[in-house]
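Student:
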Amino acid sequence: MNTRTVPIQLPAFTLLDEPLLAFSVGTADATHRHPLIGLSRFGAFDQASFRHYVSDLRIAYVGPRSGAERVRDMRDSLRVRQRNTDRSSYAQEYPGFSSLFGVDLSGADQQVHVKWPEDLNDFPGTGEAADRVRAALHQALIRLSATRDQFDVALVYFPDRWLRHLRTKEFDAHDELKALAAQLGIPTQVVNDKSLSFNNWGARAWRLAIALYAKAGGTPWKLSPIAGAPADTAYIGLAYAIRRSSAHYVTCCSQVFDMEGGGMQFVAFEANDSISDEPEARRNPFLSKADMRAVLTRSLRLYLEGHGGRVPRRLVIHKTTAFTEDELKGVQEATFTIPEVECLEIGSSSAWRGVWLVENSSTPASIGAAKFPVPRGTFVMTSGNSALLWIAGNAPSVVGGRDYFQGAKSIPKPIFLRRHMGRGPFDLLASEAIALAKMDWNNDALYDPLPVTIMYSQRLARTISNVMSLPNTSYPYRLFM
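Quick note on the working numbering: the sequence shown kicks off at 738 and runs consecutively.
1. Tell whether a beta-carbon distance below 8 angstroms holds between Gly1114 and Glu755.
2. Mind checking Pro962: buried by the 16 CB within 10 Å criterion, or exposed?
3. Quick check for students: name the residue ranges of the alpha helix (DSSP H) that lie wholly in the region 1141 to 1175, counting only runs of 4 or more.
4. Under 6 angstroms Cβ to Cβ from Asn1179, same chain only, skipping five residues before and after it: list those, please.
5. Since Tyr1193 is in the alpha helix (DSSP H), which residue starts that stretch and which ends it?
6. For Phe888, does the three-state DSSP call read helix, strand or coil?
7. Taking 8 angstroms as the threshold (C-beta atoms), are Ala953 and Glu907 in contact?
8. For Leu1125, which of Leu1187, Val791, Lys1026 and Gly844 has the nearest alpha-carbon?
9. So, are the CB atoms of Ala919 and Leu1216 less than 8 angstroms apart?
10. Return the CA-CA distance between Ala1129 and His771, expressed in angstroms with no decimal places.
11. Identify which residue in Ser1086, Thr970, Ser1036 and Phe1060 has its Cα closest to the Cα of Arg1050.
12. What is the residue span of the beta strand (DSSP E) that Ile1075 lies within?
13. Check each candidate in Val1092, Gly1084, Phe1109 and Ser826 and name the one with the smallest Cα separation from Met1192.
14. If you measure between the beta carbons of Lys852 and Ala805, is that distance less than 8 angstroms?
15. I'd like to check one pair, Val1053 with Glu1079: are the Cβ atoms closer than 8 angstroms?
16. Please report the distance separating the alpha-carbon of Ala845 from that of Thr884.
17. Just to confirm my understanding: we take Ile1171, look at its own chain, exclude 5 residues before and 5 after, and list those with CB closer than 7 angstroms. What are they?
18. Excluding the 5 residues preceding and the 5 following Leu917 in the sequence, name in chain order all residues of the same chain whose CB lies nearer than 7 angstroms to its CB.
19. Return yes when the Cβ of Ala759 is within less than 8 angstroms of the Cβ of Lys1056, no when it is not.
20. Comparing alpha-carbon positions, which option in Val928, Arg871 and Ser932 lies nearest Thr905?
21. What are the boundary residues of the beta strand (DSSP E) that His1055 is part of?
22. I'd like the ranges of any beta strand (DSSP E) spanning at least 3 consecutive residues and lying wholly in the region 844 to 889.
23. If Pro1133 sits next to Asp1140, beta carbons under 8 angstroms apart, how far is it from one beta carbon to the other, in whole angstroms?
24. Ordered along the chain, which non-local residues of its own chain (more than five positions away) have a Cβ less than 6 angstroms from that of Thr956?
25. If the criterion is Cβ atoms closer than 8 angstroms, does the pair Leu837 and Gly780 meet it?
26. Relative to the C-alpha of Lys1108, which residue among Val1117, Lys1146, Ser1120 and Ser1087 is closest?
27. Taking the alpha helix (DSSP H) that Glu907 falls in, what are its first and last residues?
28. Given a threshold of 16 other Cβ atoms within 10 Å of its Cβ, counted over all protein chains shown, does His850 qualify as buried or as exposed?
29. Could I get the ranges of all uninterrupted alpha helix (DSSP H) runs contained in the region 897 to 950, with 4 residues as the minimum, in chain order?
30. Need the endpoints of the beta strand (DSSP E) that Val1220 sits in, please.
31. Got a sec, what are the start and stop residues for the beta strand (DSSP E) Ala1106 sits in?
32. Would you mind sorting Lys915 into buried or exposed? The rule is 16 or more other CB atoms within 10 Å of its CB.
33. Would you decide whether Tyr894 is buried or exposed? Buried here means 16 or more other CB atoms lie within 10 Å of its CB.
34. Which residue comes first and which comes last in the alpha helix (DSSP H) that contains Gly1043?
35. Look up Val840 in the DSSP assignment and say whether it is helix, strand or coil.
36. Mapping DSSP to helix, strand and coil, what is Met1118?
So this is what it looks like as structure tokens:
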């Protein structure tokens, strides 16, 4: 019997370029795809201006007395060169804090530090351990607020022996700390025993140094211009959470105001309309038309204040769930003065997987699976208004042509993009998403699994939903990092 091989035609795809990051403002060609190499070679984006108002980045300590010396030693380890023992092609030797940022790292004066008892039972006050911890955090932050001009970032140490009292169903000390500190304008860095005992000092130094610099008000890097994106483009990310103390959504609006990824602030917005069906709301959250109009109006007001009253020419709104008809009407009412508006649903639970196929050099005319996964930036349209995008994947252009897959575990899955409003080039939306995944200053990785607009807003929504209250206002994101 004759058989005929029928060729299988795979969908067409595009490989998007790895986005460039910008360093050392004012320096020609100070760009690189690798954030750590860029920092080492050129210095932080705002290094020249930062050192005019911060001569030394001063660290205040909050925690049990026994941890003060260990935290001081860890802080001092950031000041000097550290070898990175990670064997991946991405890893870089840490060159020292002042080499990267142009300022030194030091401890605040002794009277600024807040040292707690060793045992939570010895904390002042009455009630459960959570109540005493909450009171201790409040008192420590009030004390720090009185000496705010004497430190830049507060480093808070929570030892592992306290953890069962610090994270319960009703209380999360980390989120409580962030919310209380944000109201007082105090940036904080939480460390635990894992941080103090981590044996790769180079990797630890990179992560902490970048985070401390950003929390002190610095800008480690920005995005280089994205081809095709108008200069006056603004990005907004929406995430929903339900506050424990009320049947209302808390909507966090994370904002990357310009196309360079700068001006990150967020709006803590509590929806006015109550939730009638909480299980359904948790499964598929959405806002009313009035609430969507309100949160976007407040968000755009922040953009106007930061850009001399200039309205963005183009606005891109990211959300992890579908936009309802009422939400789209709310968007239209809030953005009627903006020429281009794109509403993009970004999903991370796609069932799709992909294998990168290459020609088999030992067997002519045959193909097989590559040793490394689908390249980062692979983009496949699935319909006129939806696509798959591999944010995670092989990124050889970052490490000089060698293969590099961040994490090196499992088969990377693509994110799912679906447009609900707008008509611009879809590959531009994908390029922006992959670029914004490189704008998290709270770690040393090449990228996050989602754009920073989504990652930040989700993180902030969770934080706010876990605390008793937070004024309905706007905050710099660095206070919640």
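For glycine and all other residues, C-beta sits at the position ideal for the given N, C-alpha and C.
Tutor: This is what the structure holds:
1. yes
2. exposed
3. Within the region 1141 to 1175, complete alpha helix (DSSP H) segments of at least 4 residues are found at 1163 to 1173, given in chain order.
4. Counting only Cβ-Cβ distances below 6 angstroms, and skipping sequence neighbours, we find Ala948 and Met1218.
5. Val1189 to Ser1202
6. coil
7. Annotated as distal: Glu907 and Ala953, with beta-carbon spacing of 8 angstroms or more.
8. The option with the nearest alpha carbon to Leu1125 is Leu1187.
9. yes
10. 15 angstroms
11. Among Ser1086, Thr970, Ser1036 and Phe1060, the Cα nearest to that of Arg1050 is on Thr970.
12. Neither: Ile1075 is in no beta strand (DSSP E) and is coded neither H nor E.
13. That would be Gly1084, whose Cα lies nearest to the Cα of Met1192.
14. yes
15. yes
16. Cα to Cα, the separation comes out at about 10 angstroms.
17. Leu753, Pro756, Gly1114, Leu1126 and Ile1128
18. Leu874, His875 and Leu878
19. no
20. Checked all of Val928, Arg871 and Ser932; the closest Cα to Thr905 is Arg871.
21. Arg1051 to Lys1056
22. 851 to 853
23. Rounded, the Cβ-Cβ distance is 6 angstroms, consistent with contact.
24. In its chain, beyond the 5 residues on either side, Phe782 and Asp783 have a beta carbon closer than 6 angstroms to the beta carbon of Thr956.
25. yes
26. Among Val1117, Lys1146, Ser1120 and Ser1087, the Cα nearest to that of Lys1108 is on Lys1146.
27. Here Glu907 belongs to no alpha helix (DSSP H), and DSSP marks it neither H nor E.
28. With a 10 Å radius around the Cβ and a threshold of 16 neighbouring Cβ atoms, His850 comes out buried.
29. The region 897 to 950 contains these whole alpha helix (DSSP H) runs: 900 to 903, 910 to 921 and 930 to 934.
30. Nothing about residue 1220 can be read from this structure; the chain reaches only from 738 to 1218.
31. Per DSSP, Ala1106 belongs to the beta strand (DSSP E) from Ile1104 to Ala1106.
32. buried
33. buried
34. Lys1026 to Gly1043
35. coil
36. Note: Met1118 maps to strand in three-state DSSP.
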